[in-house]
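Visitor:
Numbering (the numbering used here), first residue to last: 4 to 466.
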């Protein structure tokens, strides 16, 4: 936390601003990279544990020494920074490398694959240096002014070494926004986002069902991202630990919650909540649908009502938060919550469609899928902006320093003390061993989880 050097956080902000002017030596990065998780390999294992390879594979189109600077992202609940690098690839048959040019009427000879490289892992530098070339003298001069480069003259042909392991992770004078009210805002967005994702699981606003089936056969998502099945390289964790091919570490998690709900993981999925709290039934026959899901809500012959809960059913604070949102979205109650959330994130078209639907207007499935798709992207981006601007930097600071910022005055309490003071909170096994800080109307949780990582240095791909 030195005052005379820029922090790694500030350097990464510079990288993000000028990413189009910097290229990275990917081979150097791969050769010196240490995984932060267990290596995963393509394929699935049969009942005997044998690896079954996908019938397709990928080949790099840009199999060069340098790639574009990746996109940096702070973890939402750990002092971790990842760099996501995009590479151009094409599909080919695994057996004979015959290229696959077209799938479902779409050219697939120029796709993108993504590799995540962890730059900082749990408050510790994981990538000591980057080898780069710089195409802009302005960027060169800026990095030189900040003490990042020691070269005298700008040379676009030269490769520069940017040391990361000699920088303070965060600045001593770091300041952070208030987190008051952010958890409830994110919780509402997550609930609505979960409802939309459940609706759209097997739907697309671009492709029809048979095209989506073709994509699945060729390991492509409905957004045409490559989506190979993967499995852990090691089938027996205990054996891998014993022979030293993997190791374990304690990973510190920092979560933001409220005085009623400890963190967002306490909110069940949309389909799970639907199945617990609601009943779908056929309008004509009255037949109740067993294990309802949002995928069948598009069926106009189905109606929805509340479940009759037994006296033994315990209603949690998470239930109380989720139910009004579900009731409003499903048309069982008009409380304006969904409309408020949608208009806040700029998804007015879906808000209007839902209002029209509640007044009896028939909405076509294609129109609804298109509106849901647009709204879901806006919800996710709105939430991501909150994390990257307000929550993740704070989480990173706490994870790196072990301290709350000076302006956040709070005393650490145990899970037992937190449970006594805030009886609605629910704790997982790991959280029960954690420390908790009451900051205004929020609760900051710090706890550890054991995680495993492959010790073998990668020579090809990241974690």
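Even glycine gets a Cβ: it sits at the ideal position worked out from N, Cα and C.
Using the three-state DSSP reduction, which class does residue 31 fall into: helix, strand or coil?
Guide: In the structure shown, residue 31 sits in a helix (DSSP, three-state: H, G or I).
Visitor: Which value, in whole angstroms, describes the spacing of the CA atoms of residue 133 and residue 280?
Guide: Each residue's alpha carbon lies about 52 Å from the other.
Visitor: What distance in whole Å lies between the Cβ atoms of residue 221 and residue 55, which are believed to be in contact at a cut-off of 8 Å?
Guide: 16 Å between Cβ atoms; not a contact.
Visitor: Taking only runs that begin and end inside the segment 181 to 231, name each unbroken alpha helix (DSSP H) of 4 or more residues, in chain order.
Guide: The segment 181 to 231 contains these whole alpha helix (DSSP H) runs: 185 to 203, 212 to 220.
Visitor: Going straight from the alpha carbon of residue 372 to that of residue 92, what length do you get?
Guide: Distance between the alpha carbons of residue 372 and residue 92 is about 30 Å.
Visitor: Please confirm whether residue 418 and residue 399 have their CB atoms less than 7 Å apart.
Guide: No, the Cβ-Cβ distance between residue 418 and residue 399 is not below 7 Å.
Visitor: From residue 425 to residue 185, what distance separates their C-alpha atoms?
Guide: Roughly 19 Å between the two C-alpha positions.
Visitor: Looking at C-beta atoms only, is the number of pairs between the segment 17 to 35 and the segment 66 to 74 that lie closer than 8 Å three or more?
Guide: Touching, yes, given that three or more Cβ pairs across the two stretches are closer than 8 Å.
Visitor: Beta strand (DSSP E) containing residue 262: first to last residue?
Guide: Unbroken run through residue 262: none, as it is neither H nor E.
Visitor: Is there contact between the segment 440 to 451 and the segment 403 to 416, where contact requires at least three CB pairs shorter than 8 Å?
Guide: Output reads yes: the segment 403 to 416 touches the segment 440 to 451.
Visitor: Kindly indicate which three-state DSSP category residue 466 falls into: helix, strand or coil?
Guide: Reliability of the predicted coordinates at residue 466 is poor, the pLDDT of 47 falling under 50, and no value is obtained from them.
Visitor: Check whether the Cβ atoms of residue 257 and residue 129 sit closer than 7 Å, and answer yes or no.
Guide: Contact flag unset, no.
Visitor: What residue from 315, 389, 203 has the CA that sits closest to residue 301's CA?
Guide: The shortest Cα separation from residue 301 among 315, 389, 203 belongs to 203.
Visitor: Under the rule that 16 or more other beta-carbon atoms within 10 Å means buried, what is residue 122, buried or exposed?
Guide: Residue 122 comes out buried.
Visitor: Counting only the same chain and skipping the five closest in sequence on each side, list residues whose C-beta sits under 8 Å from that of residue 305.
Guide: Within the same chain, residue 305 has close Cβ partners 283, 284, 285, 286, 292, 299.
Visitor: Compute the Euclidean distance between the alpha carbons of residue 192 and residue 325, then round it to the nearest angstrom.
Guide: Taking the straight line from one Cα to the other gives about 10 Å.
Visitor: Would you call the segment 98 to 113 and the segment 206 to 218 in contact, with 3 or more CB pairs under 8 Å?
Guide: As far as the Cβ criterion goes, the segment 98 to 113 touches the segment 206 to 218, which means the pair count is three or higher.
Visitor: Provide the residue span of the alpha helix (DSSP H) that contains residue 351, from first to last.
Guide: Unbroken alpha helix (DSSP H) run through residue 351: 351 to 361.
Visitor: With three or more beta-carbon pairs closer than 8 Å as the criterion, would you say the segment 39 to 49 touches the segment 153 to 167?
Guide: The segment 39 to 49 vs the segment 153 to 167: no contact.
Visitor: To the nearest angstrom, report how far apart residue 266 and residue 260 are at their CA atoms.
Guide: Rounded to whole angstroms, residue 266 to residue 260 spans 4 Å at the Cα level.
Visitor: Do residue 173 and residue 403 count as a contact pair if the criterion is CB distance below 7 Å?
Guide: Yes, these two residues count as a Cβ contact at 7 Å.
Visitor: Cβ atoms of residue 382 and residue 321: under 7 Å apart, would you say?
Guide: In this structure, residue 382 does not lie closer than 7 Å to residue 321 by Cβ.
Visitor: With DSSP collapsed to three states, give me the class of residue 255.
Guide: Strand, per DSSP.
Visitor: Going along the chain, which residues of its own chain have a beta-carbon closer than 7 Å to the beta-carbon of residue 145, five neighbours each way excluded?
Guide: Only 17 meet the Cβ criterion.
Visitor: From the DSSP output, in three-state form, read off residue 447 for me.
Guide: Of the three classes helix, strand and coil, the one that applies to residue 447 here is strand, per DSSP.
Visitor: Taking contact to mean 3 or more Cβ pairs, one atom from each stretch, closer than 8 Å, check whether the segment 111 to 119 and the segment 226 to 234 are in contact.
Guide: The segment 111 to 119 vs the segment 226 to 234: in contact.
Visitor: Assign residue 312 to one of two classes, buried (16 or more other C-beta atoms within 10 Å of its C-beta) or exposed (fewer than that).
Guide: So residue 312 ends up on the exposed side.
Visitor: Are the CB atoms of residue 386 and residue 353 nearer to each other than 7 Å?
Guide: No.
Visitor: Can you check whether the CB of residue 456 is closer than 7 Å to the CB of residue 38?
Guide: Contact flag set, yes.
Visitor: List the whole-angstrom C-beta distance separating residue 318 from residue 335, where the pair is believed to meet the contact cut-off of C-beta under 8 Å.
Guide: Between residue 335 and residue 318 the Cβ distance is about 17 Å, and since that is not below 8 Å, they are no contact.
Visitor: Going along the chain, which residues of its own chain have a beta-carbon closer than 8 Å to the beta-carbon of residue 391, five neighbours each way excluded?
Guide: The residues are 76, 77.
Visitor: Do you know how far the Cα of residue 138 is from the Cα of residue 363?
Guide: Cα to Cα, residue 363 sits roughly 59 Å from residue 138.
Visitor: Here's a check: name, in chain order, each residue in its chain whose Cβ is nearer than 8 Å to the Cβ of residue 452, leaving out the five neighbours to either side.
Guide: Result list for residue 452: 253, 254, 256, 433, in chain order.
Visitor: In this structure, how does DSSP classify residue 346 when only helix, strand and coil are distinguished?
Guide: Correct three-state label for residue 346: helix.
Visitor: Tell me the DSSP bridge mates of residue 26?
Guide: 71, 136, per the DSSP bridge assignment.
Visitor: Do you know how far the Cα of residue 14 is from the Cα of residue 2?
Guide: The structure shown has nothing for residue 2, since the chain only spans 4 to 466.
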